[in-house]
């Protein structure tokens with residue numbers, strides 16, 4: 602397989618590739634990737650829970666929490682997003698609390714609940730860019746993530 606030096610080099614290359622991609626993508630695509638990251642992390646946590654892999658379950662839930670806290674919640678434009686941004690913020694807070702409970706109680710049903718909450722929002726967000734791609738999502742799942750590019 603790979604030697605430790607090659608693993609580190611591959612990991613460094615992957616980080617550089619991700620960072621470069623983040624600088625060249627638009628804000629809409631970035632939020633889409635954040636939603637996908639939450640869903641992927643929850644899926645990984647559910648699989649780890651089923652296999653009784655405690656370390657991976659904890660790491661996956663921690664990843665979902667970080668993405669919501671540091672990515673999605675901070676991207677909300679609470680000043681201009683109005684009620685939709687407030688509602689999304691409340692929803693993110695709820696999901697964060699539920700993720701902590703799922704981790705504490707090893708509860709797959711709670712992880713599934715979080716995926717059911719985030720999934721339609723992620724789908725609606727994705728469909729905003731390509732409105733003809735699927736059935737239009739409700740307005741409440743499409744706004745509130747206005748991100749300014751000033752600064």
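Numbering (the working numbering), first residue to last: 602 to 752. All C-beta atoms, glycine included, are put in the ideal place defined by N, C-alpha and C.
Taking all protein chains shown into account, decide if residue i is buried (16 or more other Cβ within 10 angstroms of its Cβ) or exposed.
{"i": "residue 730", "result": "exposed"}
{"i": "residue 656", "result": "exposed"}
{"i": "residue 698", "result": "exposed"}
{"i": "residue 696", "result": "buried"}
{"i": "residue 681", "result": "exposed"}
{"i": "residue 704", "result": "buried"}
{"i": "residue 721", "result": "exposed"}
Could you spell out the range, first to last residue, of the alpha helix (DSSP H) harbouring residue i?
{"i": "residue 641", "result": "628 to 651"}
{"i": "residue 709", "result": "709 to 730"}
{"i": "residue 691", "result": "683 to 706"}
{"i": "residue 565", "result": "What the structure shows of the chain is the stretch from 602 to 752, and residue 565 is not part of that stretch, so it cannot be assessed."}
Taking Cβ to Cβ, would you say residue i is nearer than 8 Å to residue j?
{"i": "residue 716", "j": "residue 636", "result": "no"}
{"i": "residue 693", "j": "residue 676", "result": "no"}
{"i": "residue 639", "j": "residue 668", "result": "yes"}
{"i": "residue 712", "j": "residue 652", "result": "no"}
{"i": "residue 709", "j": "residue 650", "result": "yes"}
{"i": "residue 632", "j": "residue 726", "result": "yes"}
If we count Cβ pairs, one from each stretch, closer than 8 Å, do we get three or more for the stretch 679 to 693 versus the stretch 660 to 668? Contact between the stretch 679 to 693 and the stretch 660 to 668 is absent: fewer than 3 CB-CB pairs across the two stretches fall below 8 Å.
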